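**Q** Following this message is one structure expressed as structure tokens.
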Amino acid sequence: MVSSIPKDSQSVSELQEFYRQMVLIRKFEEAAAKAYSVGKIGGFLHLYIGQEAVGVGSIAALTPHDYIVSTYRDHGHALARGLHPNPLMAELFGKATGISKGNGGSMHFFDKNAHFMGGHGIVGGHISLAAGIAFASKYKKEDSVTICFFGEGAANIGSFHEGLNLAAIWKLPVVFICENNHYAMGTPEYRALAVKDVSIRAHAYDMARDHIEGDEVRKVRDHVKVAVERARRGEGPTLIEVSTYRFRGHSMSDPAKYRTKEELEAYKKKDPLMRARHELELGGIKPEELDKLEIEIQTQIDEAYQFAETSPEPPLSQLHKYVYAEDK
Amino acid sequence: MAILTYREALNRAMVEEMEKDPLIYLMGEEVGHYQGAYKVSQGMLDKFGEERVIDTPISENGFAGIGVGSAMVGLRPIIEFMTWNFSLVAIDQIINSAAKMNYMSGGQFPMPIVFRGAGGAGGRLAAQHSQAFESWYAHCPGLKVVCPATPKDAYGLLKSSIRDNNPTIFIESEVLYGSKGEVPEQEYTIPLGLGEIKRKGTDITLVTWSRALSFAEEAAIILEKEGISVEIVDLRSLRPLDENLIYESVKKTNRAVVVEEGWPVAGFGAQISHLIQKNVFSYLDHPVERVTQMDVPMSYAANLERMSLPSANRVADTIREMLR
Ligand SMILES: Cc1ncc(C[n+]2csc(CCOP(=O)(O)OP(=O)(O)O)c2C)c(N)n1
Numbered sequence: 001m002v003s004s005i006p007k008d009s010q011s012v013s014e015l016q017e018f019y020r021q022m023v024l025i026r027k028f029e030e031a032a033a034k035a036y037s038v039g040k041i042g043g044f045l046h047l048y049i050g051q052e053a054v055g056v057g058s059i060a061a062l063t064p065h066d067y068i069v070s071t072y073r074d075h076g077h078a079l080a081r082g083l084h085p086n087p088l089m090a091e092l093f094g095k096a097t098g099i100s101k102g103n104g105g106s107m108h109f110f111d112k113n114a115h116f117m118g119g120h121g122i123v124g125g126h127i128s129l130a131a132g133i134a135f136a137s138k139y140k141k142e143d144s145v146t147i148c149f150f151g152e153g154a155a156n157i158g159s160f161h162e163g164l165n166l167a168a169i170w171k172l173p174v175v176f177i178c179e180n181n182h183y184a185m186g187t188p189e190y191r192a193l194a195v196k197d198v199s200i201r202a203h204a205y206d207m208a209r210d211h212i213e214g215d216e217v218r219k220v221r222d223h224v225k226v227a228v229e230r231a232r233r234g235e236g237p238t239l240i241e242v243s244t245y246r247f248r249g250h251s252m253s254d255p256a257k258y259r260t261k262e263e264l265e266a267y268k269k270k271d272p273l274m275r276a277r278h279e280l281e282l283g284g285i286k287p288e289e290l291d292k293l294e295i296e297i298q299t300q301i302d303e304a305y306q307f308a309e310t311s312p313e314p315p316l317s318q319l320h321k322y323v324y325a326e327d328k
Numbered sequence: 329m330a331i332l333t334y335r336e337a338l339n340r341a342m343v344e345e346m347e348k349d350p351l352i353y354l355m356g357e358e359v360g361h362y363q364g365a366y367k368v369s370q371g372m373l374d375k376f377g378e379e380r381v382i383d384t385p386i387s388e389n390g391f392a393g394i395g396v397g398s399a400m401v402g403l404r405p406i407i408e409f410m411t412w413n414f415s416l417v418a419i420d421q422i423i424n425s426a427a428k429m430n431y432m433s434g435g436q437f438p439m440p441i442v443f444r445g446a447g448g449a450g451g452r453l454a455a456q457h458s459q460a461f462e463s464w465y466a467h468c469p470g471l472k473v474v475c476p477a478t479p480k481d482a483y484g485l486l487k488s489s490i491r492d493n494n495p496t497i498f499i500e501s502e503v504l505y506g507s508k509g510e511v512p513e514q515e516y517t518i519p520l521g522l523g524e525i526k527r528k529g530t531d532i533t534l535v536t537w538s539r540a541l542s543f544a545e546e547a548a549i550i551l552e553k554e555g556i557s558v559e560i561v562d563l564r565s566l567r568p569l570d571e572n573l574i575y576e577s578v579k580k581t582n583r584a585v586v587v588e589e590g591w592p593v594a595g596f597g598a599q600i601s602h603l604i605q606k607n608v609f610s611y612l613d614h615p616v617e618r619v620t621q622m623d624v625p626m627s628y629a630a631n632l633e634r635m636s637l638p639s640a641n642r643v644a645d646t647i648r649e650m651l652r
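Read top to bottom, the protein sequences are chains B and W. Number 328 marks the last residue of the first sequence (my numbering); no jumps. Number 652 marks the last residue of the second sequence (my numbering); no jumps.
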């Protein structure tokens, strides 16, 4: 492991904050997996475990008025945006206190105030939505940038190509972040992508591109920041491919038998959390201090679990609410 | 009153609304420089510029998505489909994104977007360009579905659709674009969900919308000569639906026929038929009948197209049979 040692106290505390967020995501999802296995969470549950550095690093490159568009694998992105774990866990439990009032579930976290523009369940469909949000920023002459996460599987659907082409011809302020975890459900990338490097596709749209490894959180942040600043200057979109890995199956119902133990073990050696912890220790943070941080986060997650469990279900009157917007 | 074509009425509605609200923009294939494939947006590029009248590449899914995303953050897009046949490429964005955004976000994201364009069957355009899709969209909660039949209705309903905070499917009749009618000079709107009795009668109720209104009206004139008095209910919007208008008419005439351009199976007429039989069953002297397009794709051959489409004669025959 080639480690970049944080040089000064500022970069140490920055990395410490990223580490906190990544541990929060991991522990949140471990708790969610537990709740799922005892039937407290229904539907699909797609975990982000292993990919934390991508969401945390990318979102750290944004300001609060920038926008984030996510997929069904949205827990990590929402937590990295700073959303409180309580309403997120409550959403997974289908409770009235959930971030989407229980109407959304795991795949559809939304928070208008945080400019968290949703988890979306149709592979690739949200890519043109993200372009649309960026279109609105340009139309209103606001300097917000939109970032859009998706997998390498989504890069094969029409909406990806249409969204990128429109964003490119109109120079929209959007950054497309392909989290390449090398599998779309059970389909490995080599069976789905004619050209393995997704970022190469940027050339087809005369778009800026970048390709990075996703295990080093500060590196992700630095690269995404370049693209965000380019977009903010009005110089158009970027396609960034971040190579990463999900340690779990596609969703909780997937035992992931299509990949080898060796492959998984090799990637686990590049666990972004382990890496950040190692770097923090090299930067002078004592292991006991990091253990303490983890315990604090575990307490926070336990509280979120408790909050979700004890929250009420939505009132039955909510069934017909929100189908149409309420009149002003 | 001015005499306007259906297309001019739609144009006037969009222009007036865009003059009032800078958040409204028009986007679609050929809406700008080409002045609209059916010339509905004639002159709008000059008036509003390229920032608000926006030509797109051929990418229905992409620009429908642009519309939905921009509506999430407060713009009020009017997305034109050259014809509704091509909306099928974008149906994912319409149904999976637009229709559900407010619901699945727990009320956080209203969706003030209008999808509009030419719909309907006829003109020897054959199987892929000659289809009425309102039943498809009316199936889906979260959408509003509007199908005007006259220039006057087209103007008032389009203005209401643009002002609505929900996704509206506004299906214009391709065949009616050149049709003329009186349109009041003064600004007005027609609320979505308000039908209209287009003709008063006592013997039978015809329930219809969009271009099929013309088949109904023609049939009514034919039957009048035979002493049969036909009442015509023009729904104007399918979602929301003016149910009471239908029921009040049926209570008076005791018979109903639904006349529509679309296919029969799982079509919107089936829904109306169900509602009538459920809610005013005791007033009925005859089962509700339907006159629809035949249950086949559209043929190019002139005689087969004619046979496939509903017509005044088919409506008249159906009614004669019911009154026998
Ligand atoms: C249009 C569409 N087709 C299929 C699916 C089912 N599906 C959900 S996730 C998925 C795999 C997507 O893989 P990828 O885009 O690489 O993202 P990842 O899950 O790896 O993060 C599939 C096939 C879907 N939701 N939408």
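Every residue, glycine too, gets a C-beta built ideally from N, C-alpha and C. If you're wondering where the values come from, they're calculated on a predicted model, not measured in any experiment.
Report yes or no: do three or more beta-carbon pairs, one from the stretch 374-394 of chain W and one from the stretch 410-421 of chain W, lie closer than 8 Å?
**A** Taking 8 Å as the limit for Cβ pairs, the verdict is that the stretch 410-421 of chain W does touch the stretch 374-394 of chain W.
**Q** Which value, in whole angstroms, describes the spacing of the CA atoms of B:ILE99 and B:SER13?
**A** Those two C-alpha atoms are separated by around 29 Å.
**Q** Quick one: what does DSSP say W:VAL442 is sitting in, helix, strand or coil?
**A** Three-state DSSP puts W:VAL442 in a strand.
**Q** Quick one, what's near ligand 1 if you take every residue whose CB is closer than 7 Å to any heavy atom, in chain order?
**A** With the cut-off at 7 Å, the residues found are B:HIS46, B:THR71, B:TYR72, B:ARG73, B:GLY121, B:ILE122, B:VAL123, B:GLY124, B:GLY125, B:PHE150, B:GLY151, B:GLU152, B:GLY153, B:ALA154, B:ILE157, B:GLU179, B:ASN181, B:TYR183, B:ALA184, B:MET185, B:ARG246, B:HIS250.
**Q** When the Cα of B:VAL323 is compared with those of W:ALA477, W:SER433, W:MET410, W:LYS367, which residue comes out closest?
**A** Per the Cα distances, W:SER433.
**Q** Any Cβ of chain B within less than 7 Å of the Cβ of W:ILE406?
**A** For W:ILE406, the answer is no, since every Cβ of chain B falls outside 7 Å of its Cβ.
**Q** Contact criterion: CB-CB distance below 7 Å. Does B:ALA131 meet it with respect to chain W?
**A** B:ALA131 counts as touching chain W.
**Q** Under the assumption that W:VAL442 contacts W:SER501 (Cβ atoms under 8 Å), give the Cβ distance between them as a whole number of angstroms.
**A** The Cβ separation is near 16 Å, so there is no contact.
**Q** Would you mind stating whether W:VAL503 and W:LEU566 have Cβ atoms separated by less than 7 Å?
**A** Contact: no.
**Q** Closer than 9 Å by beta-carbon distance: list the chain W residues that pair up with B:PHE307, in chain order.
**A** Those within 9 Å of B:PHE307 in chain W number zero; the least Cβ separation is about 17 Å.
**Q** So, is W:VAL593 buried or exposed, given that buried needs 16 or more other C-beta atoms within 10 angstroms?
**A** W:VAL593 comes out exposed.
**Q** Along the chain, where does the alpha helix (DSSP H) containing B:ARG221 start, and where does it finish?
**A** 217-232 is the extent of the alpha helix (DSSP H) around B:ARG221.
**Q** Measure the Cβ-Cβ separation of W:GLU571 and W:GLN621 and say whether it is below 7 Å.
**A** No, they are not a contact pair.
**Q** Under 7 Å Cβ to Cβ from B:GLU52, same chain only, skipping five residues before and after it: list those, please.
**A** Taken in chain order, the residues that qualify are MET22, ILE25, ARG26, GLY76, PRO272, LEU273.
**Q** Just checking: is the beta-carbon of B:SER128 within a distance shorter than 7 Å of some beta-carbon in chain W?
**A** Output row for B:SER128: interface = yes.
**Q** Provide the residue span of the alpha helix (DSSP H) that contains B:ASP210, from first to last.
**A** Counting along the chain, B:ASP210 falls outside any alpha helix (DSSP H), though it belongs to the beta strand (DSSP E) covering 208-213.
**Q** How long is the line joining the alpha carbons of B:LYS141 and B:LEU239, rounded to whole angstroms?
**A** Those two C-alpha atoms are separated by around 23 Å.
**Q** Once the 5 residues before and after B:ASP210 are set aside, which same chain residues still bring their CB inside 7 Å of it?
**A** Hits under 7 Å: SER199, HIS223, ALA227, THR238, ILE240.
**Q** Suppose only complete runs of 3+ residues qualify. What are the beta strand (DSSP E) ranges in the stretch 517-569 of chain W, listed by chain order?
**A** As far as the stretch 517-569 of chain W is concerned, its whole beta strand (DSSP E) runs of at least 3 residues are 524-527, 532-536, 558-562, 565-567.
**Q** Which residue from B:VAL174, B:THR97, B:PHE110 puts its Cα closest to that of W:LYS428?
**A** Among B:VAL174, B:THR97, B:PHE110, the Cα nearest to that of W:LYS428 is on B:PHE110.
**Q** Please report the Cβ distance between B:ALA114 and B:LEU83, rounded to the nearest whole angstrom; I am assuming they are in contact, meaning their Cβ atoms lie under 8 Å.
**A** At roughly 6 Å, the Cβ-Cβ gap stays under 8 Å, so B:ALA114 and B:LEU83 are in contact.
**Q** Out of W:LYS348, W:GLU344, W:VAL368, state which residue places its alpha-carbon closest to the alpha-carbon of W:MET355.
**A** The residue with the shortest Cα to Cα distance from W:MET355 is W:VAL368.
**Q** How big is the Cα-Cα spacing for W:ALA466 and B:ARG191?
**A** Going by the C-alpha atoms only, they are around 39 Å apart.
**Q** Considering only residues of the same chain and omitting the five flanking positions on each side of W:TRP591, which have a CB-CB separation below 7 Å?
**A** Within the same chain, W:TRP591 has close Cβ partners THR620, GLN621, ASP623.
**Q** Quick one: list the residues of chain W neighbouring B:GLY118, beta-carbon separation under 7 Å, in chain order.
**A** In chain order: SER433.
**Q** Relative to the alpha-carbon of W:PRO405, which residue among W:GLY451, W:GLU345, W:TYR362 has its alpha-carbon at the smallest distance?
**A** Per the Cα distances, W:GLU345.
**Q** Does W:GLY506 have its Cβ less than 7 Å from a Cβ in chain B?
**A** No, because no Cβ of chain B sits closer than 7 Å to the Cβ of W:GLY506.
**Q** Check the Cβ of W:ILE394 against every Cβ in chain B and list those closer than 7 Å, keeping chain order.
**A** Under the 7 Å cutoff, chain B gives SER128, ALA131, GLY132, PHE135, LEU166.
**Q** Hey, does W:GLN436 have any beta-carbon neighbour from chain B nearer than 7 Å?
**A** Output row for W:GLN436: interface = yes.
**Q** Count the other C-beta atoms from every protein chain shown that fall within 10 angstroms of the C-beta of W:GLY349, then say buried if there are 16 or more, exposed otherwise.
**A** Per the sequence presented here, residue 349 of chain W reads as Asp, with Gly not at that position. Per the 10 Å Cβ criterion, exposed.
**Q** Since W:VAL343 is in the alpha helix (DSSP H), which residue starts that stretch and which ends it?
**A** W:VAL343 -> alpha helix (DSSP H) spans 334-348.
**Q** Which residue's Cα is closest to the Cα of B:ILE276: B:VAL217, B:GLU296, B:ILE295, B:TYR258?
**A** At residue 276 of chain B the sequence reads Ala, which differs from the Ile that was named. Taking only the C-alpha atoms, the option nearest B:ALA276 is B:VAL217.
**Q** Less than 8 Å between the CB atoms is what I'm expecting for B:LYS95 and B:GLN318, so what's the real figure, rounded?
**A** In fact, because the Cβ distance is near 11 Å, the residues do not count as touching under 8 Å.
**Q** Can you pull out the residues from the stretch 376-387 of chain W whose beta carbon lies closer than 9 Å to at least one beta carbon of chain B?
**A** So the list reads GLU379, ARG380, ILE382, THR384, PRO385, SER387, given in the order they occur along the chain.
**Q** So B:PHE307 is in the alpha helix (DSSP H); what residue range does that whole segment cover?
**A** Element bounds for B:PHE307: 287-310.
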